[in-house]
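Report on the following structure.
So this is what it looks like as structure tokens:
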């Protein structure tokens, strides 16, 4: 069900996607800024390639609220990378965390990430990632959310459209059809940093306990997350019954 927030804008999604089918990433961000105004936010994981979207968007909307969900389990290098980019790009950063501390969660539920059970991983993801993101979107009164998802990353992301609705909020994906080469060219052209764990063989990075470097046995870079049990952490899946059923085969 589309929330009252999204209903206020009432976009013709089919028409908008046709209109923007050939738009470049910069034009799409400008369109989002003009369309949603103060209701526009963006998210970041401070992952391997996060500098790209942060640079691309803040060149156009310098004060855009940037939501970062800190799970409490990120690698030390991620926290330092976040500090570096926040200062370098003068980010309007909003950090959200679970109301349940890591210590409390482990005492009550155990180390959920160690279980070969999709439901345990989904419970972990909901507590540490999904609930804080939902709260951030409510607090910031977001009507639209910019994210750096790319179709190449997961099976789920191959099904996405550049403009859509997720949980009653418009989702705008300016680099959805970018290749890894496009990403590298942008980062190089603008002299932006990759996450330091890239030098150690990481293609994607999340929590320290659920991320590892790529090996020759991996068929896909997302095999290095969540021990290959799932691809998505749930942040970029709509909160519907269908989504709940697909969390164990999903992708961040």
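Residue numbers (the working numbering): 785 to 1036.
Note that beta-carbon positions come from the ideal geometry of N, C-alpha and C, so glycine has one too.
Burial state of residue 991, where buried means 16 or more other Cβ atoms lie within 10 Å:
With 16 or more other Cβ atoms within 10 Å, it is buried.
Return the CA-CA distance between residue 873 and residue 976, expressed in angstroms with no decimal places.
Each residue's Cα considered, the two are about 10 angstroms apart.
So, with DSSP's three-state summary, where would you put residue 931?
Shown here, residue 931 sits in coil according to DSSP, grouped into three states, outside any helix or strand.
Chain-order list of residues whose beta-carbon lies under 6 angstroms from that of residue 859 (same chain, five-residue window excluded)
The residues 992, in chain order, have a CB closer than 6 angstroms to that of residue 859 in the same chain once the five nearest residues on each side in sequence are set aside.
What does the Cβ neighbour count give for residue 951, buried or exposed, with the cut at 16 atoms within 10 Å?
Note on residue 951: 16 or more other CB atoms within 10 angstroms of its CB, so buried under the neighbour-count rule.
Give a yes or no on contact between the region 901-919 and the region 865-884, applying the rule of three or more CB pairs nearer than 8 angstroms.
Taking a contact to require three or more Cβ pairs closer than 8 angstroms, the region 901-919 and the region 865-884 qualify as touching.
Looking at residue 930 and residue 797, is the spacing between their C-beta atoms short of 8 angstroms?
Result no, Cβ atoms of residue 797 and residue 930 do not sit closer than 8 angstroms.
Does the contact criterion of 3 or more C-beta pairs under 8 angstroms hold for the region 839-849 versus the region 810-827?
Remark: three or more beta-carbon pairs, one from each stretch, lie closer than 8 angstroms, so the region 839-849 and the region 810-827 are flagged as touching.
Look at the alpha carbon of residue 877 and the alpha carbon of residue 904, and state the distance between them as a whole number of angstroms.
Computed Cα separation, rounded: 30 angstroms.
For residue 804, I'd like the list of residues in its chain whose CB is within less than 7 angstroms of its CB, leaving aside the five on either flank, ordered along the chain.
The answer, listed in chain order, is 812, 815, 946 and 947.
Is residue 940 helix, strand or coil when you go by DSSP?
Look at residue 940 here: in three-state DSSP terms it is helix.
Would you decide whether residue 891 is buried or exposed? Buried here means 16 or more other CB atoms lie within 10 Å of its CB.
Classification of residue 891: exposed, given that the 10 Å Cβ count is below 16.
Taking the Cβ atom as the reference point for each residue, do residue 838 and residue 971 lie within a distance shorter than 8 angstroms?
Not a contact, by the Cβ cut-off of 8 angstroms.
Judging by CA-CA distance, which residue of 999, 995 and 962 is the nearest neighbour of residue 862?
In this structure, 995 is the residue among 999, 995 and 962 with its C-alpha nearest to the C-alpha of residue 862.
Excluding the 5 residues preceding and the 5 following residue 786 in the sequence, name in chain order all residues of the same chain whose CB lies nearer than 7 angstroms to its CB.
Below a pLDDT of 50, predicted positions are generally treated as unreliable, and residue 786, at 39, falls in that range; the measurement from the model is reported next regardless. Counting only Cβ-Cβ distances below 7 angstroms, and skipping sequence neighbours, we find 949 and 952.
Decide if residue 829 is buried, meaning its Cβ has at least 16 other Cβ atoms within 10 Å, or exposed.
Burial call: buried.
With DSSP collapsed to three states, give me the class of residue 879.
The three-state secondary structure of residue 879, taken from DSSP, is strand.
With 16 other CB atoms within 10 Å as the buried threshold, where does residue 934 fall?
Counting Cβ neighbours within 10 Å, residue 934 comes out buried, since at least 16 surround it.
C-beta contact flag for residue 852 and residue 879 at 8 angstroms:
Contact: yes.
Going by Cα to Cα distance, which pick from 986, 802, 978 and 855 is closest to residue 869?
Ranking 986, 802, 978 and 855 by Cα distance to residue 869 puts 978 first.
If you check the beta carbons only, do residue 831 and residue 967 fall under 8 angstroms apart?
Here residue 831 is not near residue 967, since their CB atoms are 8 angstroms or more apart.
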